[in-house]
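Student:
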């Protein structure tokens, strides 16, 4: 009986040894990538706690902000989506737009410029979805002051604006869409987007003449002659 039990133990030990050796041999044959443990998954960070974290949070007024926060406020580079669909992408400091950035309205119009404490400072570039482009200062998101408008039809206006309306002195150059006046330009007074007042008309060949305009209808004085 003892000899039978001893034989069984020996057989079991030998079988375990063979199984271990086979396991080692099989492990040596497996690709290294399979043998290495999977990396530990890192969960999403909380930008309200981790200041170096970049995440998306909802601010007090319902805005969706993606970027870095400092003490719960946007700080550094980020993007904010407003409830009305407008989007600002650029730099923040202490929750305010501060530095270079781009603002895109829900209707597709965009402007780029430099912000100081949530207010645009200096000239901006305003691109309209219809293809026009304005470069100059704004007031209430409209051209105001001395600026230039590059129209989609090729016309260019450089001069004074009052809340989005050409008013004051300016120069209007005609583009290729004007068959008979392409290359010509009017220099003089404007009112409510119309040529209105005294001015000068310069043809593409360099000749020019004084003109008097009333609500965009311009006439040469009878005594005026075109001169180079």
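Numbering (our numbering), first residue to last: 195 to 422.
Backbone N, C-alpha and C fix where the C-beta goes; we use that ideal spot for every residue, glycine too.
None of the values given here were measured: they were computed from a predicted structure.
1) Please classify residue 310 as buried or exposed, where buried requires at least 16 other C-beta atoms within 10 Å of its C-beta.
2) How long is the line joining the alpha carbons of residue 396 and residue 378, rounded to whole angstroms?
3) How about residue 260 and residue 272: do their beta carbons lie closer than 8 angstroms?
4) Does residue 297 come out as helix, strand or coil in the three-state DSSP assignment?
5) Going by beta-carbon coordinates alone, are residue 341 and residue 328 separated by less than 8 angstroms?
6) With a floor of 3 residues, list each beta strand (DSSP E) that falls wholly inside the stretch 285 to 356, ordered by position along the chain.
7) Taking 6 angstroms as the limit between beta carbons, can you name the residues of its chain near residue 289, skipping five residues before and five after?
8) Could you check the C-alpha separation between residue 348 and residue 252 for me, to the nearest Å?
9) Can you say whether residue 307 is buried or exposed, counting buried as having 16 or more other CB atoms within 10 angstroms of its CB?
10) State the Cα-Cα distance for the pair residue 376 and residue 316, rounded to the nearest angstrom.
11) Return the chain-ordered list of same chain residues with a C-beta closer than 8 angstroms to the C-beta of residue 369, the five sequence neighbours on each side being excluded.
12) In whole angstroms, what separates the C-alpha of residue 295 from that of residue 301?
13) Just how far apart, CA to CA, sit residue 382 and residue 324?
14) Where does residue 337 land, buried or exposed, given buried means 16+ other C-beta within 10 angstroms?
15) Give the DSSP-derived three-state secondary structure of residue 398 in the structure shown.
16) Shortest alpha-carbon distance to residue 265 belongs to which of 287, 277 and 283?
17) Taking 8 angstroms as the limit between beta carbons, can you name the residues of its chain near residue 235, skipping five residues before and five after?
18) Judging by CA-CA distance, which residue of 278, 372 and 386 is the nearest neighbour of residue 357?
19) Please state whether DSSP places residue 218 in a helix, a strand or coil.
20) Check whether the Cβ atoms of residue 282 and residue 292 sit closer than 8 angstroms, and answer yes or no.
21) May I have the straight-line CA-CA distance separating residue 313 from residue 278, to the nearest angstrom?
Tutor: Walking through what the data contain:
1) exposed
2) 6 angstroms
3) yes
4) strand
5) yes
6) 290 to 298, 304 to 310, 313 to 321, 327 to 330, 339 to 344 and 350 to 356
7) 267 and 268
8) 43 angstroms
9) buried
10) 32 angstroms
11) 345, 347, 348, 349, 350 and 376
12) 18 angstroms
13) 27 angstroms
14) buried
15) coil
16) 287
17) With a pLDDT of only 39 at residue 235, under the threshold of 50, the placement of this residue in the model should not be trusted; the figure read from the coordinates follows. Once the five neighbours on either side are set aside, residue 235 has no close Cβ partner at all.
18) 386
19) Since pLDDT at residue 218 reaches only 40, below the 50 mark, its modelled position is unreliable, and no value is offered.
20) no
21) 19 angstroms
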